[in-house]
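Q: Next up is a structure, given as structure tokens.
Residue numbers (the UniProt record's numbering), protein chains in the order written: chain A, 1 to 555; chain B, 1 to 555.
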């Protein structure tokens, strides 16, 4: 097969993706609906069977330096996983990957983009299998695991390919430079401009979004010519392993070494990320996880370009609303979805202590709190639906945190443990909502990962904005929601968003949620506050993954 | 005057600059020839008079926080400078600049680009005045001070404006996102995407190229919305001060606070850069200077985006030549120009110890050395021309270094002190050329800033390449020149350049020199080896100076 084969095959899709990032209007390459019409009549059953076939087996990947096996994943739904993965000596793997830099570099942007798109398309075909893998490692409900772990993650990957491709293509491959010399002959130089990757890249995944948060870095590095090591979170290896396997398959078919995409798995007991991330030949790092470790990487992996997404205190400010019920329903979904284990879930909700204006007149703080509490309870009233939306808690520490947080304020809505009909051992917990005072800033300004949120009584909306600005500037945030019927307040919110460098959602009361972002259109994090030093995806996310090396000679 | 006035006026020039960066073929906005036809009959005399009028005076700038005056420049040509500059309390200045972020941000890319281009055009009109200021601070000869300090620096500034402008314009200002919902009405969101600057920027200048190395960072930060503090090297303040004054004039005329561009001067005895660079509100830093301080900034100014150009060991590899005389003449100019005080001047010249092939047969190492020595002596034979090309040595440490280096190898060409006809106190020194063995790697792999170069006897061209790769990868380099008549060797050189991430010039034997780079066409540094973490100018140089903050709401 010619190396250009995949590029020719996917050129049209790439063109649409490039158009999407130029306009940032709605587009998606991969259907988000897990319907037989989109994925085939047998896709659901085949995907589940493929997932089950992994259980209790040794997962195979092609990499130099395999020295044994490791395992250790625990399904938050309580099923037996028992998948083992290759244990790799990365002092053997990294030199072997370095040897492939030249071939992958010389393939050029078109061939690399074609291969990336083929990988994404094959991943799309395996979305059901990946969905089960995401579900049983992250704890996400199946529908979310399918969408966020499958097509949405794939679209984020394709978005990164498009940004990388555009940035590379903006550098001309060559130029003739003709400088007039008055009456003399001009100076004429022929110049070549080579796109040169930084070197070996590492993507450090997280336990909660093992594909969605891995694909942007993986594909941004890969399309720009860097071989990539995926270092999954030890609790969520299988979705990464399947992704790496697919990448290796495509690379091999196209005549490249499969280990241009490799995986270094580790365990909670014997983590290798620090050592891997500071390896002298690792030149690009993408990380999603704690602020503590993200900041450590930024300061210590100085040999690499480091892109981080860390923790923050996502925020909603309620000033005034038309219809409190619609607002409460919208927020109830946000607080419930995946038990708040999203890096975009609201934690701090600022409400004036004197209450808010609604279309039906003034509403007290406690009535707003009550509306939110009732909406959440109601939304989670049907246990089957609740379990689907809440998913399971990924980490025991998060389960423990719910309990620990109960004493941090006045309980507006207590968290309940729920029974999952299908998975009796699943840790399913409903949101805990607490009321606190604006003065309790130490309490609500610390990230409490999981289903914990604070309704914060402030002096006024101006006070809410001031506090939000302070907390976001100091602790970071990826999302800010503001509810107001007053255009002047909304203008102030726009200023606040620009000042704190956080994405703003205004008056969400329907089918769009503050914690969701759409590939090609919504920038996920700005890279301008402590929650992240990078954005998914902008030009800054791709431009530093390669350098331009020129050569010139007289024509 | 409308804020758009300058944009309308310069839109055409900006369009040409955008075209130039897209093609990277030859273009220049500002004439490099200091001729009366280009600059006007009286420009030379007026410029000199304007320069003289600064001497012995207090230079005025408009900034909050001025607490006194400082002075201390010493002309390398020995004239009395006696210019004093405002001493500023940057704990007053920075908050005042922060207050202007909103106005400058809201001006938008067009207005900001228009103002940048007006500043550059006015600087161009003052090129003679700036040339004298550059000459008497950096020690450059007048012609170089005019070209590199005037039009070439202005073109590098405009190039940065064009890159910043293009990057901002690639983000759509708004979008309508319409997501189909099957049989239901689609979800429709209106989205705004704001270009938001990082904050206050600082440009730390160097003593040798006070404008050329300052304008890219200054204009890249300014066009992307960041107010900028220029922190000149204490030895080269006047060129920066004139530049800031021009910027302030234009800002005021356009209705902005002049201190959106400010200057913080310091002295060698009381440097302020560390404190300034780690100020919590400084969010972007551009630096040109020593590796020691550049690395310190990269590691310590973690609150900021840091762009550095540092030291390196620029390299030439001679494998084979057609005409050794042409090659030697070309290299003689490179080694002589501004006494090697360029960040691009060759230091390490690798030659096989068994000699090289030429069109006239094999030539021994010593004959190659001799040819280079003779060409340099001949080129500098005429003392007036020599003084013009060599300029004066900027720093006493560099003068001392020439002497110190004499014992590092076998002297092929001794450095001579020359008398400058016009400036008897000028420190004018010809190049020192030493012969060393490949094994003396500790000697030639350390940067020896100034007119010192090493002819390194290697086992073969392959050995030369291996050593060059090692030294450049470890110590950095901005330029690599390779001479060979063998296309296979040139292919290897291309590989070496990509591997060490350094710009390559092949077989320069005419009017183009390895130490010169042309705006819009040659990338100055790649950002991929230790000589610099950034390139003048690529997309990575501008993309991190702003973030995108979006807002979305239901249509």
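Positions of the beta carbon are idealized from the N, C-alpha and C atoms, including for glycine.
On a predicted model such as this, the values are computed, not experimentally measured, just so you know.
Verify whether the separation of the beta carbon atoms of residue 434 (chain A) and residue 399 (chain A) is less than 8 angstroms.
A: What you label residue 434 (chain A) is simply residue 434 of the first chain in a count that begins at 1. What you label residue 399 (chain A) is simply residue 399 of the first chain in a count that begins at 1. No, the Cβ-Cβ distance between residue 434 (chain A) and residue 399 (chain A) is not below 8 angstroms.
Q: Look at the alpha carbon of residue 59 (chain B) and the alpha carbon of residue 552 (chain B), and state the distance between them as a whole number of angstroms.
A: The residue labelled residue 59 (chain B) in the question sits at position 59 within the second chain. The residue labelled residue 552 (chain B) in the question sits at position 552 within the second chain. Rounded to whole angstroms, residue 59 (chain B) to residue 552 (chain B) spans 48 angstroms at the Cα level.
Q: With a 10 Å radius around its C-beta and 16 neighbouring C-beta atoms as the bar for buried, classify residue 246 (chain B) as buried or exposed.
A: For the purposes of this step, residue 246 (chain B) is taken as the residue at position 246 of the second chain. When all chains shown are included, residue 246 (chain B) counts as buried.
Q: Please report the straight-line C-alpha distance between residue 509 (chain A) and residue 335 (chain A), rounded to a whole angstrom.
A: For the purposes of this step, residue 509 (chain A) is identified with residue 509 of the first chain, where counting begins at 1. For the purposes of this step, residue 335 (chain A) is identified with residue 335 of the first chain, where counting begins at 1. Roughly 14 angstroms between the two C-alpha positions.
Q: Indicate whether residue 402 (chain B) and residue 452 (chain B) have their beta-carbon atoms separated by less than 8 angstroms.
A: As a first step, residue 402 (chain B) is located in the second chain; it is residue number 402 there, counting from the start. As a first step, residue 452 (chain B) is located in the second chain; it is residue number 452 there, counting from the start. Yes, the pair counts as a contact, with Cβ atoms nearer than the cut-off.
Q: Does the Cβ-Cβ distance between residue 534 (chain A) and residue 209 (chain A) come in under 8 angstroms?
A: Indexing the first chain from 1 puts residue 534 (chain A) at position 534. Indexing the first chain from 1 puts residue 209 (chain A) at position 209. Against a cut-off of 8 angstroms, the Cβ pair of residue 209 (chain A) and residue 534 (chain A) comes out as no contact.
Q: Under a three-way DSSP split, which group does residue 508 (chain B) fall into?
A: One-based indexing of the second chain puts residue 508 (chain B) at position 508. Coil at residue 508 (chain B), not helix or strand.
Q: Starting from the beta carbon of residue 523 (chain B), find every residue of chain A whose beta carbon is closer than 7 angstroms, and list them in chain order.
A: Residue 523 (chain B) sits at position 523 when you count from the first residue of the second chain. Simply 548 and 550.
Q: Comparing alpha-carbon positions, which option in A:404, A:379, A:357 and A:349 lies nearest residue 467 (chain A)?
A: Translated into the one-based positions of the first chain, residue 467 (chain A) becomes position 467. Considering only alpha carbons, the answer is A:349.
Q: I need the boundaries of the alpha helix (DSSP H) containing residue 556 (chain B), first residue and last residue.
A: Outside the modelled stretch of chain B, which goes from 1 to 555, sits residue 556 (chain B), for which no answer is possible.
Q: Which runs of the alpha helix (DSSP H) spanning at least 4 residues fall entirely within the region 192–260 of chain A, listed in chain order?
A: Fully enclosed alpha helix (DSSP H) runs of 4 or longer: 215–223 and 238–253.
Q: By the DSSP assignment, the beta strand (DSSP E) with residue 180 (chain A) in it spans what residues?
A: Start at 1 with the first residue of the first chain, and residue 180 (chain A) comes out as number 180. Segment 174–181, the beta strand (DSSP E) holding residue 180 (chain A).
Q: Tell me which same chain residues have a C-beta within less than 6 angstroms of the C-beta of residue 321 (chain B), skipping the five on either side of it?
A: Numbered from 1 along the second chain, position 321 holds the residue referred to as residue 321 (chain B). Within the same chain, residue 321 (chain B) has close Cβ partners 327, 358 and 483.
Q: To which residues of the same chain is residue 207 (chain B) closer than 6 angstroms at the C-beta, ignoring the five residues directly before and after it?
A: The count along the second chain starts at 1 and reaches residue 207 (chain B) at position 207. Taken in chain order, the residues that qualify are 233, 235, 236 and 394.
Q: Is any non-hydrogen atom of the ligand FMN found closer than 7 angstroms to the C-beta of residue 211 (chain A), if you look at the structure I gave you?
A: Absence of the ligand FMN from the depicted structure is noted, as is the absence of any ligand whatsoever, leaving it without description.
Q: State the Cα-Cα distance for the pair residue 388 (chain A) and residue 20 (chain B), rounded to the nearest angstrom.
A: Taking the first chain and counting its residues from 1, the one referred to as residue 388 (chain A) is at position 388. Taking the second chain and counting its residues from 1, the one referred to as residue 20 (chain B) is at position 20. Between residue 388 (chain A) and residue 20 (chain B), the C-alpha separation is close to 55 angstroms.
Q: Please name the residue, chosen from B:126, B:92, B:219 and B:111, that lies closest to residue 556 (chain B) on a Cα-to-Cα basis.
A: With chain B covering only 1 through 555, there is no way to say anything about residue 556 (chain B).
Q: Is the beta carbon of residue 195 (chain B) closer than 8 angstroms to that of residue 548 (chain B)?
A: As a position in the second chain, residue 548 (chain B) is number 548, starting the count at 1. As a position in the second chain, residue 195 (chain B) is number 195, starting the count at 1. Going by C-beta atoms, residue 548 (chain B) is nearer than 8 angstroms to residue 195 (chain B).
Q: List the residues that DSSP assigns as beta-bridge partners of residue 458 (chain A).
A: Translated into positions along the first chain, residue 458 (chain A) becomes position 458. In the DSSP output, where bridge partners are listed per residue, residue 458 (chain A) has A:352.
Q: Could you tell me the distance, in whole angstroms, from the CA atom of residue 521 (chain B) to the CA atom of residue 26 (chain B)?
A: For the purposes of this step, residue 521 (chain B) is identified with residue 521 of the second chain, where counting begins at 1. For the purposes of this step, residue 26 (chain B) is identified with residue 26 of the second chain, where counting begins at 1. C-alpha separation (whole angstroms): 7 angstroms.
Q: Quick check on the DSSP output: the alpha helix (DSSP H) that includes residue 371 (chain B) runs from which residue to which?
A: As a first step, residue 371 (chain B) is located in the second chain; it is residue number 371 there, counting from the start. Segment 365–379, the alpha helix (DSSP H) holding residue 371 (chain B).
Q: Nearest chain A C-beta to residue 353 (chain B) closer than 8 angstroms, yes or no?
A: For this step, residue 353 (chain B) is matched to residue 353 along the second chain. Cβ-Cβ to chain A under 8 angstroms: no for residue 353 (chain B).
Q: Can you confirm whether residue 504 (chain A), when its beta carbon is compared against all beta carbons of chain B, has any partner nearer than 8 angstroms?
A: Walking along the first chain from the start, residue 504 (chain A) turns up at place 504. It does: the Cβ of residue 504 (chain A) has a partner Cβ on chain B nearer than 8 angstroms.
Q: With H, G and I counted as helix, E and B as strand and the rest as coil, what does DSSP make of residue 464 (chain A)?
A: Here residue 464 (chain A) refers to the residue found at position 464 of the first chain. Note: residue 464 (chain A) maps to helix in three-state DSSP.
Q: Give the single residue among B:77, B:202, B:147 and B:122 whose Cα lies nearest to the Cα of residue 242 (chain B).
A: Counting from 1 along the second chain, the entry for residue 242 (chain B) is found at position 242. Answer by Cα proximity: B:122.
Q: Applying the 10 Å Cβ sphere with the 16-neighbour rule, what's the burial state of residue 197 (chain A)?
A: For the purposes of this step, residue 197 (chain A) is taken as the residue at position 197 of the first chain. Residue 197 (chain A) should be labelled buried.
Q: Just tell me which of A:173, A:202, A:223 and A:132 has its CA closest to the CA of residue 162 (chain A).
A: For this step, residue 162 (chain A) is matched to residue 162 along the first chain. Checking every option, the nearest Cα to that of residue 162 (chain A) belongs to A:223.
Q: Would residue 290 (chain A) count as contacting chain B if we go by Cβ distances under 8 angstroms?
A: As a first step, residue 290 (chain A) must be located in the first chain, where it is residue number 290. Not one chain B Cβ lies under 8 angstroms of residue 290 (chain A).
Q: Run through chain B and tell me which residues come within less than 8 angstroms of residue 279 (chain A), C-beta to C-beta.
A: Reading the first chain from its first residue, position 279 is the one you call residue 279 (chain A). Per Cβ cutoff of 8 angstroms: no residues; residue 279 (chain A) is ~15 angstroms from chain B at best.
Q: Against chain A, which members of the region 16–30 of chain B pass a CB distance test of less than 9 angstroms?
A: Result list: 21, 22, 23, 24, 25, 26 and 28.
Q: Check for me: the alpha helix (DSSP H) holding residue 385 (chain A) runs from which residue to which?
A: Position 385 of the first chain, counted from the start, is the residue given in the question as residue 385 (chain A). Run containing residue 385 (chain A): 383–390, per the alpha helix (DSSP H) assignment.
Q: Closer than 8 angstroms, Cβ to Cβ, to anything on chain B: give me those residues from the region 322–347 of chain A, in chain order.
A: The region 322–347 of chain A vs chain B, Cβ under 8 angstroms: nothing.
Q: Exposed or buried, which one is residue 151 (chain B) when buried takes at least 16 other CB atoms within 10 Å?
A: Taking the first residue of the second chain as position 1, residue 151 (chain B) is located at position 151. By the neighbour-count rule (16 or more Cβ atoms within 10 Å), residue 151 (chain B) is buried.
Q: Here's a check: name, in chain order, each residue in its chain whose Cβ is nearer than 6 angstroms to the Cβ of residue 28 (chain A), leaving out the five neighbours to either side.
A: Along the first chain, read from residue 1 onward, the residue named residue 28 (chain A) stands at position 28. Excluding positions up to five away in sequence, the list reads 155.
Q: Taking the Cβ atom as the reference point for each residue, do residue 457 (chain A) and residue 317 (chain A) lie within a distance shorter than 8 angstroms?
A: Reading the first chain from its first residue, position 457 is the one you call residue 457 (chain A). Reading the first chain from its first residue, position 317 is the one you call residue 317 (chain A). For residue 457 (chain A) and residue 317 (chain A), no; Cβs fall outside 8 angstroms.
Q: Tell me the DSSP secondary structure of residue 300 (chain A) in three-state form.
A: For the purposes of this step, residue 300 (chain A) is taken as the residue at position 300 of the first chain. DSSP places residue 300 (chain A) in helix when its eight states are reduced to three.
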